[in-house]
Every structure is written in C-alpha cells, then in structure tokens.
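Shown next, in structure tokens, is the structure this report addresses.
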Amino acid sequence: MRKIAVFTGTRAEYGLLYWIIKGLQLEKDVDLQLFVGGMHLSREFGFTVEQIEADGFNITERLDFLLSSDSSEAIAKSMALALMSASEAFNRYRPDLLVILGDRSEAMAIAQAAMILRIPIAHIHGGETTEGVIDEAVRHSISKMAHLHFTATESYRKRVIQLGEHPNRVFNVGAPGIDSIKQLKLLTMEELSADLGFKLDKPYFVVTFHPVTLMDGGDSSALTNLISALNDYPNYKVLISYPNADADNGELIKILDNFYHNNKDRVFLFRSLGQLRYLSALKHCKAVLGNSSSGLIEAPSFGIPTLNISDRQKGRLAGATVVSCDSTQISITEGLNTILSPEFTEVCIRAKNPYGIGNASGQIVSKLVSYPLDGIVKKQFYNLSDEQ
C-alpha cells in the first residue's frame with residue numbers, strides 16, 4: 008500500500024483537490040491520509056471541516072494552527088504552529104508522498120515539515136505568477152521543495168523547469184478546478200436561489216476580493232471603490248464571499264459587512280458556499296468581479312466575463328474573458344461597462360479556457376499512484392543549458 012497524504016487548509020483549495028482526494032480514496036492500493044487545518048477549523052470562515060466529513064472522507068488528523076488575527080505577525084506565528092503540528096503528525100503516520108496545492112503560507116509550512124522528514128512532495132499549480140502578493144514567493148519556494156509537479160498550462164510547466172526541476176518530473180495537466188465543472192450536476196438558478204434562501208430574481212455579480220498582501224492595508228481602498236461602483240448598478244444583485252485568512256483581511260470584512268447590512272435586499276454575503284453552490288453561482292452570474300483566481304481559471308469555462316481588479320493576480324495567465332483594471336473607481340466602472348457590453352458577451356461565448364478542458368485530476372492520481380518513489384528525494388538542479 009502506498010501511503011499518500013493530502014493537505015488542505017482552505018475552502019477553495021479543498022474544492023480544487025476534491026476529485027484528486029476522491030480518486031485516491033477509490034484506489035485499492037492507496038492508503039489515503041487526509042490532513043485538514045487552517046481555515047477549515049475556523050468558525051469565522053465557515054468551519055468547512057464539516058463539509059469534508061459530509062463528503063465521506065475520513066480525516067487522518069486535524070492541524071489546528073490558525074490564530075484569530077489578521078496581522079502579519081499572527082500569520083507568521085500560524086506558520087510556525089503549522090510547521091510544528093505537521094511535523095508531529097507526519098512523524099506518526101509516515102506518508103510515502105504528500106500532495107500540496109497552491110501557494111498559501113500554511114502550505115509552505117506543511118511542505119517544510121515534509122522536506123525535513125524526507126517525505127516526497129507533489130505540488131499542484133506551480134510555475135504561476137501573482138506579482139501583487141506574498142503567494143508569488145511562497146509558490147516558487149514550494150516548487151523547490153517538491154519532487155513531482157503538476158502545472159495548469161505549458162508555460163507554467165516551462166517556468167517550473169526554469170526553476171531547476173527536471174522535465175521528467177513536471178507534468179502539464181490543466182487546472183483541476185475545471186474537473187468539478189465537468190463532473191458535478193450543477194444547480195439550476197431556481198435550485199440555487201432556494202438553497203441560498205436568497206431571491207435571484209435579477210441578474211447578479213459574484214464578488215470575491217482577497218487582501219493584496221504586498222500593499223499596505225491589503226488594498227482595501229480597491230474594495231471600497233468596487234462597492235461604490237456597484238452602487239451605480241442597482242438593477243444587479245451581488246453574491247459576495249469572505250476573503251481568505253490573509254494579513255489585513257479584517258478591514259475587508261468590515262467593509263463587506265457594512266455593504267451587506269445596508270443592502271440586504273440585493274446583497275448576499277457568505278463565508279463559504281461549498282464547491283457545488285459556488286460553481287452553480289458562477290454558471291448563472293452576469294460577471295465575476297474582484298481578484299480571485301477563480302475568475303481567471305474556472306469562470307472562462309462558463310463563458311462568463313471577469314473583471315480582475317488591482318494587482319493580486321498580476322502576471323497570471325488570463326484568457327479572452329478577462330478584463331483587468333487598476334483599483335480606482337473610474338477604472339473599475341470603465342471595466343464594468345466593458346464586460347457588460349454585448350460585444351464582450353460575444354467574445355466570452357466564443358472564448359476557450361486556457362487552463363484546460365477538465366481532465367486534470369485523473370492524470371494527477373495516475374501519476375501519484377504509479378511514479379517510482381525510490382530515491383526521489385535526492386534532486387539535482389536541472390540547467391536549461393543542458394538542453395543545448
């Protein structure tokens with residue numbers, strides 16, 4: 008039995024990992040170990056560990072390390088606690104391979120624990136660039152600690168190789184988040200409205216705005232300007248998700264809470280929708296607004312336009328359905344006018360998703376269960392000059 012561990016620390020990340028976890032669970036020669044921590048264990052962010060258990064997954068261990076504070080110091084301390092708790096858990100369960108997705112600070116701490124304990128790491132979504140956030144450095148750091156790599160595009164695969172990883176260990180599989188769009192039976196507009204207890208009787212926007220962690224205050228002024236712009240579109244309703252547990256998220260939550268309390272007839276504010284309801288909301292919305300990666304990666308599969316605001320996603324590959332703007336209200340309003348135009352609607356209908364067609368998870372599971380692990384922790388730096 009190959010003992011394969013998966014770590015998940017956020018609601019969005021779990022949604023991307025779902026079909027990988029499910030695939031590993033169904034493999035008869037795999038002992039699945041599931042380590043859950045971070046936002047999943049926080050009431051403030053929806054206590055989504057309950058959703059994981061409701062999905063039929065046995066949790067090997069809960070890693071409770073998230074401090075209830077949005078300061079940079081608290082984030083750093085949470086990383087330290089994550090490193091300690093993961094080290095203890097991995098030493099007990101001794102997985103043969105650890106799967107980590109993305110670029111969050113707690114994921115780097117978990118990867119550090121595995122690296123020191125000589126546990127091979129498989130990293131998903133490496134090679135991407137997001138120049139406005141700390142995640143940029145975190146993502147590349149995890150790639151250098153990892154031994155198998157699953158990227159979402161060929162250009163990202165080349166960037167991981169540029170970091171010195173051997174091409175034979177770097178696989179372009181597409182984005183696993185698209186798999187749920189293809190495999191889930193999404194809710195109709197009527198079913199979604201009833202499930203939320205919120206009337207979706209008008210066109211609506213889906214809004215997610217996370218802190219821009221390389222800017223003072225997380226660029227809260229951009230969110231304020233977005234809300235001011237939304238006030239000029241009273242005929243649209245708004246579904247808004249809470250920001251991630253990043254530094255300075257507290258100010259963003261205050262702004263969102265205030266907007267919700269003053270506009271309960273047209274605004275629905277949620278901590279976590281879960282994958283089914285969130286993707287269903289994307290399917291039926293008029294546009295995605297904010298700075299979440301889902302606007303660039305998942306939304307294009309629905310032909311839905313995205314207004315990408317400020318610098319959080321700067322540098323990440325964006326397809327024809329995405330319009331980027333700066334954080335000023337004028338720029339946001341101009342962007343809204345563009346993506347709501349009939350001409351841009353036609354562009355979105357014809358556009359292809361640059362992140363794949365929805366077959367990533369099966370490819371990842373196949374490699375996880377079959378790739379030889381003997382001696383894999385001993386890596387040599389791969390020089391691009393060696394190809395010449």
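With the working numbering applied, the sequence shown corresponds to residues 8 to 395, in that order.
The C-beta atom is built at its ideal place from N, Cα and C for all residues, glycine as well.
Counting along the chain, the unbroken beta strand (DSSP E) around residue 37 starts and ends at 37-44.
The beta strand (DSSP E) runs of length 3 or more contained entirely in the segment 17-105 are, from start to end of the chain, 37-44, 68-70. By the neighbour-count criterion, in which a residue is buried when 16 or more other Cβ atoms sit within 10 angstroms of its Cβ, residue 8 is exposed.
CA-CA distance, residue 199 to residue 173, rounds to 45 Å. The segment 252-271 and the segment 180-187 do not touch, with fewer than three beta-carbon pairs separated by less than 8 Å. With 16 or more other Cβ atoms inside 10 Å of its own Cβ, residue 118 counts as buried. Residue 194 is not a Cβ neighbour of residue 301, given a cutoff of 7 Å. Within the same chain, 262 come within 8 Å of residue 231 by CB-CB distance, once the 5 residues on both sides are set aside. Residue 205 carries a coil assignment under DSSP once its states are collapsed to helix, strand and coil. Put simply, the segment 25-37 touches the segment 353-370. At least three CB pairs are less than 8 Å apart.
With respect to the 7 Å criterion, residue 43 and residue 66 are classified as neighbours on the basis of their beta carbons. Between residue 316 and residue 266, the C-beta spacing is not below 7 Å. A direct Cα-Cα distance of roughly 16 Å separates residue 298 from residue 258.
DSSP, read as helix, strand or coil, puts residue 292 in coil.
Looking only at 344, 290, 60, 307, the smallest Cα-Cα distance to residue 196 is reached by 290.
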